[in-house]
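Asker: If you scroll down you'll find the structure; I have some questions about it.
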Amino acid sequence: MKYRTLSPMQKNQIVEMRKAGMKCKDIAEVFSAPYSTISTILSHWKVHGSVESLKSQCGRPRNSNRRHTLVELANLVSVSQTTVRLYLRELGFRNCIAPKKPYLNVKHKADRLAFARVYESWTFEDWCNIIWTDESSFETGKNPRQIRVWRKAYKKYNWDCIAPSFKSGRSSVMVWGAFTGFDKSPLVTIPSNKSSSSDFVTIVYEGVLIGFYFLHDDPEQLILMEDGAPVHRNSLPVQWRRAHGIEKLFWPANSPDLNPIENVWMVVKDLFKHHSRLNSKLEMIEKIQSVWDTISIEWLRTLIFTMPYRMQAVIAAGGGSTRW
(Lines of atoms letter the chains of each structure in order from A and count residues from 1; the text may use other names and numbers.)
(Lines give C-alpha, C1' and ligand atoms only; values in the text may rest on other atoms or scores of the structure.)
Protein backbone atom coordinates (compact mmCIF):
# COMPACT_ATOMS: atom_id res chain seq x y z
CA MET A 1 0.00 0.00 0.00
CA LYS A 2 1.45 3.38 -1.02
CA TYR A 3 1.62 6.44 1.23
CA ARG A 4 -0.89 8.37 -0.85
CA THR A 5 -3.61 5.71 -0.36
CA LEU A 6 -3.64 5.96 3.43
CA SER A 7 -6.54 8.02 4.76
CA PRO A 8 -6.11 10.81 7.32
CA MET A 9 -7.74 8.53 9.92
CA GLN A 10 -5.21 5.76 9.23
CA LYS A 11 -2.32 8.23 9.45
CA ASN A 12 -3.57 9.43 12.84
CA GLN A 13 -3.84 5.81 13.98
CA ILE A 14 -0.20 5.30 12.97
CA VAL A 15 0.83 8.27 15.10
CA GLU A 16 -1.15 7.00 18.09
CA MET A 17 0.42 3.53 17.74
CA ARG A 18 3.87 5.08 17.70
CA LYS A 19 3.04 7.20 20.76
CA ALA A 20 2.02 4.00 22.50
CA GLY A 21 5.48 2.58 21.90
CA MET A 22 4.81 0.34 18.89
CA LYS A 23 7.77 -0.12 16.53
CA CYS A 24 7.59 1.17 12.96
CA LYS A 25 8.04 -2.28 11.43
CA ASP A 26 5.10 -3.61 13.48
CA ILE A 27 2.91 -0.66 12.44
CA ALA A 28 3.86 -1.35 8.82
CA GLU A 29 2.67 -4.94 9.18
CA VAL A 30 -0.67 -3.82 10.64
CA PHE A 31 -1.38 -1.54 7.66
CA SER A 32 0.35 -3.74 5.09
CA ALA A 33 2.40 -0.71 4.15
CA PRO A 34 6.12 -0.29 3.41
CA TYR A 35 8.33 0.64 6.33
CA SER A 36 9.39 3.80 4.43
CA THR A 37 5.77 4.94 4.19
CA ILE A 38 5.27 4.66 7.96
CA SER A 39 8.57 6.43 8.57
CA THR A 40 7.59 9.27 6.22
CA ILE A 41 4.24 9.78 7.94
CA LEU A 42 5.85 9.88 11.37
CA SER A 43 8.64 12.24 10.20
CA HIS A 44 6.01 14.56 8.74
CA TRP A 45 4.11 14.51 12.01
CA LYS A 46 7.24 15.27 14.07
CA VAL A 47 8.14 18.29 11.91
CA HIS A 48 4.69 19.76 11.30
CA GLY A 49 2.67 18.49 14.27
CA SER A 50 0.06 17.09 11.92
CA VAL A 51 -0.41 14.23 9.46
CA GLU A 52 -2.41 16.45 7.11
CA SER A 53 -0.76 17.14 3.78
CA LEU A 54 0.87 20.55 3.62
CA LYS A 55 -0.66 21.03 0.19
CA SER A 56 -4.15 20.67 1.63
CA GLN A 57 -3.28 23.04 4.49
CA CYS A 58 -1.67 25.78 2.47
CA GLY A 59 -2.72 25.35 -1.14
CA ARG A 60 -0.34 26.28 -3.93
CA PRO A 61 0.86 29.89 -3.66
CA ARG A 62 -0.69 32.17 -6.24
CA ASN A 63 1.14 34.84 -8.20
CA SER A 64 -1.22 37.52 -6.90
CA ASN A 65 -0.06 36.84 -3.33
CA ARG A 66 3.68 37.19 -3.93
CA ARG A 67 3.99 40.24 -1.67
CA HIS A 68 2.35 38.69 1.37
CA THR A 69 4.59 38.51 4.41
CA LEU A 70 5.13 35.18 6.11
CA VAL A 71 2.80 36.26 8.91
CA GLU A 72 0.05 37.15 6.42
CA LEU A 73 0.39 33.82 4.62
CA ALA A 74 0.23 31.89 7.90
CA ASN A 75 -2.91 33.80 8.93
CA LEU A 76 -4.56 33.14 5.58
CA VAL A 77 -4.28 29.36 5.90
CA SER A 78 -4.41 29.14 9.72
CA VAL A 79 -1.11 27.32 10.17
CA SER A 80 2.20 28.25 11.78
CA GLN A 81 4.81 30.40 10.06
CA THR A 82 7.22 27.47 10.25
CA THR A 83 4.78 25.27 8.35
CA VAL A 84 4.32 27.87 5.62
CA ARG A 85 8.06 28.48 5.34
CA LEU A 86 8.85 24.76 5.02
CA TYR A 87 6.13 24.22 2.44
CA LEU A 88 7.24 27.16 0.32
CA ARG A 89 10.80 25.89 0.39
CA GLU A 90 9.61 22.45 -0.70
CA LEU A 91 8.04 24.12 -3.74
CA GLY A 92 11.22 26.07 -4.50
CA PHE A 93 10.01 29.51 -3.33
CA ARG A 94 12.30 31.99 -1.59
CA ASN A 95 11.52 35.39 -0.11
CA CYS A 96 13.57 37.75 -2.29
CA ILE A 97 13.97 41.46 -2.89
CA ALA A 98 11.98 42.48 -5.98
CA PRO A 99 14.24 44.04 -8.63
CA LYS A 100 13.13 47.52 -9.66
CA LYS A 101 12.09 47.73 -13.30
CA PRO A 102 10.09 50.35 -15.25
CA TYR A 103 6.37 49.66 -15.47
CA LEU A 104 5.42 48.01 -18.78
CA ASN A 105 1.88 48.14 -20.12
CA VAL A 106 0.57 46.18 -23.11
CA LYS A 107 1.76 48.76 -25.64
CA HIS A 108 5.22 48.98 -24.07
CA LYS A 109 5.62 45.22 -24.34
CA ALA A 110 4.38 45.16 -27.93
CA ASP A 111 6.82 47.91 -28.94
CA ARG A 112 9.72 46.21 -27.19
CA LEU A 113 8.91 42.90 -28.84
CA ALA A 114 8.68 44.52 -32.27
CA PHE A 115 12.00 46.30 -31.71
CA ALA A 116 13.76 43.09 -30.68
CA ARG A 117 12.44 41.20 -33.68
CA VAL A 118 13.62 43.91 -36.07
CA TYR A 119 17.15 43.92 -34.64
CA GLU A 120 17.59 40.31 -33.50
CA SER A 121 19.85 39.58 -36.50
CA TRP A 122 22.19 42.52 -35.81
CA THR A 123 25.77 41.58 -35.03
CA PHE A 124 28.23 42.98 -32.51
CA GLU A 125 29.76 45.08 -35.31
CA ASP A 126 26.35 46.56 -36.14
CA TRP A 127 25.72 47.55 -32.52
CA CYS A 128 29.20 49.16 -32.28
CA ASN A 129 27.97 51.86 -34.68
CA ILE A 130 25.26 53.02 -32.27
CA ILE A 131 26.00 56.14 -30.23
CA TRP A 132 24.66 55.02 -26.85
CA THR A 133 23.56 58.09 -24.90
CA ASP A 134 21.68 58.86 -21.72
CA GLU A 135 21.30 61.33 -18.90
CA SER A 136 21.65 60.23 -15.30
CA SER A 137 20.99 61.95 -11.99
CA PHE A 138 23.08 61.62 -8.85
CA GLU A 139 22.10 62.50 -5.32
CA THR A 140 23.38 61.83 -1.84
CA GLY A 141 21.66 60.15 1.10
CA LYS A 142 19.23 58.13 -1.01
CA ASN A 143 17.91 54.97 0.65
CA PRO A 144 15.21 53.37 -1.54
CA ARG A 145 12.73 51.00 0.08
CA GLN A 146 13.16 47.37 -0.92
CA ILE A 147 10.17 45.15 -1.64
CA ARG A 148 10.27 41.42 -0.97
CA VAL A 149 8.28 38.83 -2.95
CA TRP A 150 7.85 35.06 -2.93
CA ARG A 151 9.21 33.49 -6.12
CA LYS A 152 11.16 30.64 -7.60
CA ALA A 153 14.78 31.18 -8.63
CA TYR A 154 14.07 31.38 -12.36
CA LYS A 155 11.17 33.85 -12.05
CA LYS A 156 13.19 36.85 -10.85
CA TYR A 157 12.07 39.10 -13.73
CA ASN A 158 8.44 37.97 -14.05
CA TRP A 159 6.08 40.97 -14.10
CA ASP A 160 4.68 40.08 -10.67
CA CYS A 161 8.13 39.55 -9.13
CA ILE A 162 9.55 42.99 -9.89
CA ALA A 163 9.05 46.37 -8.23
CA PRO A 164 8.00 48.81 -10.99
CA SER A 165 9.84 52.10 -10.90
CA PHE A 166 8.37 55.34 -12.16
CA LYS A 167 10.14 58.44 -13.39
CA SER A 168 9.93 60.82 -10.46
CA GLY A 169 12.01 62.66 -7.93
CA ARG A 170 14.46 65.59 -8.07
CA SER A 171 18.11 65.07 -8.86
CA SER A 172 21.03 66.94 -7.31
CA VAL A 173 23.37 66.63 -10.30
CA MET A 174 22.44 65.67 -13.87
CA VAL A 175 25.05 64.41 -16.33
CA TRP A 176 25.05 63.21 -19.95
CA GLY A 177 27.40 60.72 -21.52
CA ALA A 178 27.80 58.66 -24.69
CA PHE A 179 29.91 55.91 -26.22
CA THR A 180 30.24 53.72 -29.29
CA GLY A 181 32.22 50.57 -29.86
CA PHE A 182 35.19 52.78 -30.70
CA ASP A 183 35.25 55.73 -28.30
CA LYS A 184 33.74 57.41 -25.24
CA SER A 185 32.49 60.99 -25.12
CA PRO A 186 33.43 63.62 -22.53
CA LEU A 187 31.01 63.73 -19.61
CA VAL A 188 28.61 66.68 -19.67
CA THR A 189 27.10 68.30 -16.57
CA ILE A 190 23.65 69.82 -17.15
CA PRO A 191 22.85 72.64 -14.70
CA SER A 192 19.52 72.31 -12.90
CA ASN A 193 18.30 75.60 -14.36
CA LYS A 194 19.11 74.52 -17.93
CA SER A 195 16.39 71.98 -18.67
CA SER A 196 14.80 73.29 -21.88
CA SER A 197 15.27 71.74 -25.31
CA SER A 198 17.20 74.84 -26.36
CA ASP A 199 19.58 74.36 -23.42
CA PHE A 200 19.99 70.69 -24.30
CA VAL A 201 20.92 71.51 -27.90
CA THR A 202 23.44 74.11 -26.75
CA ILE A 203 25.02 72.13 -23.90
CA VAL A 204 24.89 68.57 -25.25
CA TYR A 205 24.48 68.64 -29.02
CA GLU A 206 26.62 71.67 -29.78
CA GLY A 207 28.86 71.26 -26.77
CA VAL A 208 29.87 67.61 -27.15
CA LEU A 209 27.83 65.45 -29.52
CA ILE A 210 28.75 67.23 -32.74
CA GLY A 211 32.48 66.86 -32.06
CA PHE A 212 32.13 63.26 -30.88
CA TYR A 213 30.12 62.40 -34.00
CA PHE A 214 32.47 63.87 -36.59
CA LEU A 215 35.63 62.54 -34.91
CA HIS A 216 34.55 59.11 -36.12
CA ASP A 217 36.31 57.84 -39.25
CA ASP A 218 32.99 57.27 -41.00
CA PRO A 219 30.30 59.28 -39.17
CA GLU A 220 27.62 58.38 -41.71
CA GLN A 221 27.72 54.83 -40.31
CA LEU A 222 26.74 56.05 -36.83
CA ILE A 223 23.18 56.04 -35.50
CA LEU A 224 22.18 58.05 -32.44
CA MET A 225 20.34 56.29 -29.63
CA GLU A 226 18.20 58.41 -27.28
CA ASP A 227 15.26 57.50 -25.10
CA GLY A 228 11.85 59.14 -25.38
CA ALA A 229 12.47 62.01 -22.96
CA PRO A 230 10.63 65.21 -24.06
CA VAL A 231 13.90 67.10 -24.39
CA HIS A 232 14.90 64.66 -27.16
CA ARG A 233 11.55 64.80 -28.98
CA ASN A 234 10.90 68.54 -29.10
CA SER A 235 11.09 70.29 -32.46
CA LEU A 236 14.41 72.06 -31.83
CA PRO A 237 16.48 68.89 -31.22
CA VAL A 238 14.71 67.17 -34.13
CA GLN A 239 15.56 70.06 -36.47
CA TRP A 240 19.16 70.13 -35.25
CA ARG A 241 19.67 66.41 -35.93
CA ARG A 242 18.18 66.74 -39.41
CA ALA A 243 20.34 69.75 -40.20
CA HIS A 244 23.47 67.82 -39.28
CA GLY A 245 22.41 64.59 -40.97
CA ILE A 246 22.38 62.54 -37.77
CA GLU A 247 20.15 59.48 -37.97
CA LYS A 248 18.30 58.45 -34.83
CA LEU A 249 17.35 54.93 -33.76
CA PHE A 250 13.71 54.25 -32.88
CA TRP A 251 13.65 53.39 -29.18
CA PRO A 252 10.80 51.66 -27.32
CA ALA A 253 9.55 53.43 -24.19
CA ASN A 254 10.54 52.27 -20.69
CA SER A 255 13.42 50.15 -21.96
CA PRO A 256 16.58 51.04 -20.02
CA ASP A 257 17.43 47.33 -19.90
CA LEU A 258 18.17 47.50 -23.63
CA ASN A 259 20.57 50.45 -23.34
CA PRO A 260 24.06 49.33 -22.25
CA ILE A 261 24.93 52.79 -20.95
CA GLU A 262 22.52 52.08 -18.09
CA ASN A 263 25.01 49.45 -16.93
CA VAL A 264 27.68 52.14 -16.99
CA TRP A 265 25.60 54.40 -14.77
CA MET A 266 25.06 51.52 -12.35
CA VAL A 267 28.82 51.11 -11.94
CA VAL A 268 29.39 54.85 -11.64
CA LYS A 269 26.67 55.16 -9.00
CA ASP A 270 27.95 52.14 -7.12
CA LEU A 271 31.36 53.79 -6.80
CA PHE A 272 29.82 57.20 -6.18
CA LYS A 273 27.60 56.08 -3.28
CA HIS A 274 30.67 55.51 -1.10
CA HIS A 275 31.15 59.28 -1.17
CA SER A 276 27.63 60.28 -0.11
CA ARG A 277 28.96 62.88 2.35
CA LEU A 278 30.36 65.17 -0.32
CA ASN A 279 29.92 68.77 0.76
CA SER A 280 29.07 70.47 -2.52
CA LYS A 281 27.79 69.89 -6.04
CA LEU A 282 31.25 70.72 -7.34
CA GLU A 283 32.70 67.87 -5.28
CA MET A 284 29.97 65.57 -6.58
CA ILE A 285 30.71 66.52 -10.20
CA GLU A 286 34.44 66.01 -9.70
CA LYS A 287 33.86 62.55 -8.21
CA ILE A 288 31.45 61.50 -10.98
CA GLN A 289 33.94 62.75 -13.58
CA SER A 290 36.80 60.80 -12.00
CA VAL A 291 34.79 57.58 -12.09
CA TRP A 292 33.72 58.20 -15.71
CA ASP A 293 37.38 58.68 -16.66
CA THR A 294 38.29 55.22 -15.35
CA ILE A 295 35.85 53.43 -17.68
CA SER A 296 37.71 51.69 -20.49
CA ILE A 297 36.57 51.22 -24.08
CA GLU A 298 37.34 47.51 -23.71
CA TRP A 299 34.71 47.18 -20.97
CA LEU A 300 32.23 49.25 -22.97
CA ARG A 301 32.68 46.85 -25.89
CA THR A 302 31.82 43.93 -23.62
CA LEU A 303 28.52 45.68 -22.84
CA ILE A 304 27.80 46.16 -26.54
CA PHE A 305 28.58 42.48 -27.07
CA THR A 306 25.49 41.64 -24.98
CA MET A 307 23.07 43.36 -27.34
CA PRO A 308 22.13 40.26 -29.40
CA TYR A 309 21.44 38.45 -26.11
CA ARG A 310 19.28 41.33 -24.91
CA MET A 311 17.17 41.07 -28.07
CA GLN A 312 16.77 37.33 -27.48
CA ALA A 313 15.78 37.95 -23.85
CA VAL A 314 13.06 40.44 -24.84
CA ILE A 315 11.65 38.01 -27.40
CA ALA A 316 11.70 35.17 -24.85
CA ALA A 317 9.88 37.44 -22.35
CA GLY A 318 7.24 38.43 -24.90
CA GLY A 319 8.33 42.06 -24.59
CA GLY A 320 8.51 41.90 -20.79
CA SER A 321 11.31 42.83 -18.41
CA THR A 322 14.72 41.18 -18.71
CA ARG A 323 17.68 40.70 -16.38
CA TRP A 324 19.82 43.32 -18.11
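Numbering (full-length UniProt numbering), first residue to last: 1 to 324. Just so you know, even glycine gets a beta-carbon here, dropped at the ideal spot from N, CA and C.
1. I'd like the span of the alpha helix (DSSP H) that includes GLY49, first residue to last.
2. Using a 10 Å radius around the Cβ and a threshold of 16 neighbouring Cβ atoms, would you call VAL30 buried or exposed?
3. THR189: which of HIS48, SER172, TYR157 and SER198 sits nearest, CA to CA?
4. Tell me whether the stretch 181–199 and the stretch 207–226 touch, counting them as touching only if at least three CB pairs, one residue from each stretch, are closer than 8 angstroms.
5. State buried or exposed for residue 325, treating a residue as buried only when at least 16 other CB atoms are found within 10 Å of its CB.
6. Kindly confirm or deny that the stretch 99–117 and the stretch 214–226 touch, where touching means at least three C-beta pairs closer than 8 angstroms.
7. Between GLN221, TRP45, MET17 and VAL84, which has its C-alpha nearest ILE130's C-alpha?
8. Would you please state the rounded distance, in angstroms, between the beta carbons of ASP134 and GLU262? I believe it to be under 8 angstroms.
9. Are the beta-carbon atoms belonging to SER197 and ASN254 less than 8 angstroms from one another?
10. Going by C-alpha distance, which of PHE250, ALA74 and PHE179 is nearest HIS216?
11. On the three-pair Cβ rule with 8 angstroms, is the stretch 301–316 touching the stretch 117–130?
12. If you run the structure through DSSP and keep just helix, strand and coil, what is PRO102?
13. Can you tell me where the beta strand (DSSP E) holding CYS96 begins and where it ends?
14. With 16 as the cutoff for other CB atoms within 10 Å, does VAL311 come out buried or exposed?
15. What three-state label does DSSP hand ARG148 in the structure shown?
16. For the alpha helix (DSSP H) holding THR82, just list the boundary residues, first then last.
17. Within a Cβ cutoff of 7 angstroms, which residues of the same chain sit near VAL268, ignoring the five residues on either side of it in sequence?
18. Quick one: what does DSSP say LEU70 is sitting in, helix, strand or coil?
19. CB HIS44 to CB THR83, shorter than 8 angstroms?
20. Under a three-way DSSP split, which group does ILE203 fall into?
21. Does ASP270 come out as helix, strand or coil in the three-state DSSP assignment?
22. What's the C-alpha gap between ARG151 and ILE162?
23. Would you check if the distance between the CB atom of MET177 and the CB atom of CYS128 is smaller than 8 angstroms?
24. Between LYS25 and SER50, what straight-line distance do the alpha-carbon atoms span, to the nearest angstrom?
25. To the nearest angstrom, how far is the alpha carbon of ARG241 from that of VAL314?
26. Report the rounded CA-to-CA distance for TRP265 versus LEU300, giving the unit in angstroms.
27. How many Å lie between PHE93 and ILE27 at the Cα?
28. Taking the alpha helix (DSSP H) that ALA178 belongs to, which residues open and close that run?
29. My guess is that PHE200 and VAL231 are in contact by the Cβ rule of under 8 angstroms, so how many angstroms apart are they, rounded?
30. Tell me LYS248's beta-bridge partners as DSSP assigns them.
31. Which of helix, strand or coil does DSSP assign to LYS184?
32. Does DSSP put THR133 in a helix, a strand or coil?
Answerer: Taking the definition as stated:
1. Taken as a continuous stretch (DSSP letters only), GLY49 belongs to no alpha helix (DSSP H), as it is neither H nor E.
2. exposed
3. SER172
4. yes
5. The structure shown has nothing for residue 325, since the chain only spans 1 to 324.
6. no
7. GLN221
8. 7 angstroms
9. no
10. PHE179
11. yes
12. strand
13. 93–97
14. Per the sequence shown, residue 311 should be read as Met rather than Val. Buried.
15. strand
16. 81–90
17. ILE288, VAL291 and TRP292
18. helix
19. no
20. helix
21. helix
22. 10 angstroms
23. Per the sequence shown, the amino acid found at residue 177 is Gly instead of Met. Contact flag unset, no.
24. 21 angstroms
25. 29 angstroms
26. 12 angstroms
27. 35 angstroms
28. Element bounds for ALA178: not the alpha helix (DSSP H) but the beta strand (DSSP E), 173–179.
29. 5 angstroms
30. LEU224
31. strand
32. strand
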